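Data first, discussion second: the structure below is written as C-alpha cells.
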Amino acid sequence: MALGHFAAPIIGLLLILTDVGGECVKEDNEKLISLHFKKQDKMQDEMTGIREETSRMREKMQDEMTGVREEMSRMREKMQVELAGLKENMQEEINKLRLERMKEHFALLGNKPSETLENGSNNETSLALAVLQLSSTIENLQSDRGDVIRQSQGYITEQNGLSEIRRTLEDLQANVEDLGDVSGQNMSLSNNATNVHKDLNQVRGMVEGLQVKMD
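Those letters in the sequence shown? Residues -22 to -1, 1 to 193, by mature numbering (1 follows the signal peptide of the UniProt record, and there is no 0).
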C-alpha cells in the first residue's frame, strides 16, 4: 500500500525527466542540423565566389591575350616593312655598285677598247673592288637583319609565356571542377580553395610579368 503510494509520484517524475531529456536531445539535433546547413551555405558562397573570381580572371586573360596578339600582329607587320626596306636598300646598293662598275668600264673602254679588252686586268681589278664593297654592304644589312630577328625572338618568348598562362588557367578550371559536391567535404574544399587562390596569384604574377615585358 505504501509502495503504491510512492510509485505514482516516482513514475511521474521519471516521465518529466524523460520529456526534458528528449527536448534537450531534440534541441541539440536541431542545432547540429542548423550548423550543418550554415556551413553548407558558407561553402556554397565560397565556391560561388571562387567561380566568379575565376570567370573574371578568364575574361581578363582573354582580353590581355587579345591585346598581346594584336601587338604581335602589329610588330610582325612592322618587321615585314623593315625587312622589305632592307631588301630595297640592298638592291639599291647593288644597283649603285653595278652602275659605278659600268661607268668605270666605259671610261676604260672609251679611248682604247681593243687594248683594254685584250689585257683584261683593269676589268678584273674593278670587279674585285666591286665584290669587296658588295660584301661589306651585305654584312651591314645582315647585322640589321639580326636585330630584327632578335626582336622577333623576344615576341616568341612572350608567346611561350602566354602558353604557360593558358596551362595555368586550365589547371585552375580543373581545381574548380574538382570541388564537386560540398556536403561533408569541409577540409577538402578548404584545401582546394587554397590551391585555387594560389593558382590565381600565380596567374596574376604571370600577367604582370608579361605586361612588364610588353612595356
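C-beta: ideal position from N, C-alpha, C; glycine also. Quantities reported herein were computed from a predicted structural model and do not represent experimental measurements.
Q) Buried or exposed: where does residue 11 fall if 16 or more other Cβ atoms within 10 Å of its Cβ makes it buried? A) exposed
Q: Would you tell me roughly how many angstroms separate the C-alpha atoms of residue 77 and residue 60, rounded to the nearest one?
A: 25 Å
Q: Using the Cα positions of residue 50 and residue 69, report the straight-line distance between them to the nearest angstrom.
A: 28 Å
Q. CA-CA distance, residue 20 and residue 40?
A. 30 Å
Q.
Please classify residue 26 as buried or exposed, where buried requires at least 16 neighbouring CB atoms within 10 angstroms.
A. exposed
Q.
For residue 64 and residue 58, what's the separation of their Cα atoms in angstroms?
A. 10 Å
Q: Tell me whether residue 32 is buried or exposed, calling it buried when 16 or more other Cβ atoms sit within 10 Å of its Cβ.
A: buried
Q: To the nearest angstrom, report how far apart residue 54 and residue 42 are at their CA atoms.
A: 18 Å
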